[in-house]
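K.L.:
In my numbering, the protein residues as written are -3 to 436.
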């Protein structure tokens, strides 16, 4: 019981002190439309202008992987690992790769449609939501049971009337419960719909709730959706409306705006299904972009300060691996990370069975590299960087750590010259040293 209490206390401390930081900009600086975070290292992003990039070191470096994809913007990416990924296009098509993005194959296409989201729950089962190809036609709520070889239209898929879907405007708690926002395209519309099912895409059973709001010349879009469990969720619109539901989306009520925010457009929402009720919302207030967090359906909002590039380019999509670790994609290729401000984070919630010091990545590096390590028992931990003569260059870590898997970032000072360096992890009776190379 004592160990469990200490672990929960540590996780709470990590959450309180976590913040958003800038990681990198995707090459060519395209707008990032959707991200897929496999783990703390493997991340895929779908961007404008046919740009699809993959990272294997947490977004520090990116690799272009778009051979075989059509010209145009990409949306709705979902990856399972470093090899298998699905992505949608501006023209309502789905493409799949099984070789890490070196080649892509078309699985589905519908003229007049538009991809809003893809989620693969495993190698076989996944769901897709796209626009109706025209008024009076069904929304493209589709599912697959064979890895995308067939994409089947969901039974009783809703028929559109002056409406379409919105990119990333959906959420789920499991393979049965889904909520999907929509856009009423009539100028100055005063309501729009949120669709829901509790029996999954394969079961259909689609119903909708009509949410009032303030539409502009382009209409009223409920473009931000997040549910923390099967009952409790939020929806945000392009007209500064925030609604809450406590009955699974059957009914909705107005909740409070973030403090000091009068007019705004909600961009996207994210929820963490850990029992805390945590929902985040990114928004634009007409001057800058912001991110707020609530744990009680908007009764109280806490602002999470974005780095400068996040404020100017705005979070378009975000995903969290745990309460203490998340990532976000923004316009102009800006990629952000949410975690401990020291650059040290818990990689996952599993307690390791032994000490481990991993090889830094990238290696060689310039100027930054990441060092992953594992601690099986509570103890004081040090990681020290040495030069080839054994002289200390920097104490990277010197603090008490609870059991867990961690990573630390070493950034070489401008005065360090190219060459071989060493890093040593010391904890309790454990001591291990590995070599790293700085190349300028």
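Idealized CB from N, CA, C, for every residue including glycine.
Taking the alpha-carbon of residue 29 as reference, which of 71, 290 and 38 has the nearest alpha-carbon?
P.N.:
Residue 71 is the option with its Cα nearest to residue 29.
K.L.:
So what's residue 325 in DSSP terms, helix, strand or just coil?
P.N.:
strand
K.L.:
So, at 7 Å on beta carbons, what are the nonlocal neighbours of residue 414 in its own chain, with the 5 sequence-adjacent residues on each side left out?
P.N.:
Counting only Cβ-Cβ distances below 7 Å, and skipping sequence neighbours, we find 434, 435 and 436.
K.L.:
Residues in the same chain with beta-carbon distance under 8 Å from residue 134, minus the five sequence neighbours each way, listed in chain order, please.
P.N.:
128, 149, 153, 154, 155 and 156
K.L.:
Less than 6 Å between C-beta atoms, sequence neighbours within five positions excluded: which residues of the same chain meet that for residue 40?
P.N.:
32, 50, 73, 75 and 81
K.L.:
Beta strand (DSSP E) containing residue 17: first to last residue?
P.N.:
15 to 21
K.L.:
Under 8 Å, with one C-beta from each stretch per pair, do the region 213 to 224 and the region 182 to 190 reach the 3-pair mark?
P.N.:
yes
K.L.:
Pick out whichever of 25, 119, 369 and 392 has its Cα sitting closest to the Cα of residue 437.
P.N.:
Here the chain covers residues -3 to 436 and nothing more, so residue 437 does not appear.
K.L.:
Going by DSSP, what residues sit across from residue 354 in a beta bridge?
P.N.:
Answer is none; residue 354 lacks a bridge partner.
K.L.:
Distance check for residue 405 and residue 394, CA to CA, integer angstroms please.
P.N.:
14 Å
K.L.:
Out of 306, 361, 284 and 270, which has the shortest C-alpha to C-alpha gap to residue 291?
P.N.:
For residue 291, the closest alpha carbon among the candidates 306, 361, 284 and 270 is that of 270.
K.L.:
What's the gap between the Cα of residue 2 and the Cα of residue 373?
P.N.:
Any reading at residue 2 must be qualified, since the residue scores a pLDDT of 40, below 50, and its modelled position is unreliable; no value is offered.
K.L.:
When the Cα atoms are used, what is the spatial distance from residue 384 to residue 53?
P.N.:
26 Å
K.L.:
Does DSSP put residue 142 in a helix, a strand or coil?
P.N.:
coil
K.L.:
Based on Cα-Cα distance, which residue from 165, 310 and 214 lies nearest to residue 231?
P.N.:
165
K.L.:
What three-state label does DSSP hand residue 432 in the structure shown?
P.N.:
strand
K.L.:
Just to confirm the assignment, what range does the alpha helix (DSSP H) spanning residue 309 have?
P.N.:
Start and end: 304 to 309.
K.L.:
Are the region 136 to 146 and the region 197 to 205 in contact at 8 Å, needing three or more beta carbon pairs?
P.N.:
yes
K.L.:
Go ahead and pull the three-state DSSP assignment for residue 196.
P.N.:
helix
K.L.:
Please state if the CB of residue 196 and the CB of residue 216 are separated by a distance shorter than 8 Å.
P.N.:
no
K.L.:
Given a threshold of 16 other Cβ atoms within 10 Å of its Cβ, counted over all protein chains shown, does residue 286 qualify as buried or as exposed?
P.N.:
buried
K.L.:
Consult DSSP for residue 7 and reduce its assignment to one of helix, strand or coil.
P.N.:
Because the pLDDT at residue 7 is just 42, under 50, the model does not fix this residue reliably, and the value given afterwards should be weighed accordingly. The answer is helix: DSSP assigns residue 7 an H, G or I state.
K.L.:
Buried or exposed for residue 253, going by 16 or more other Cβ atoms inside 10 Å?
P.N.:
buried
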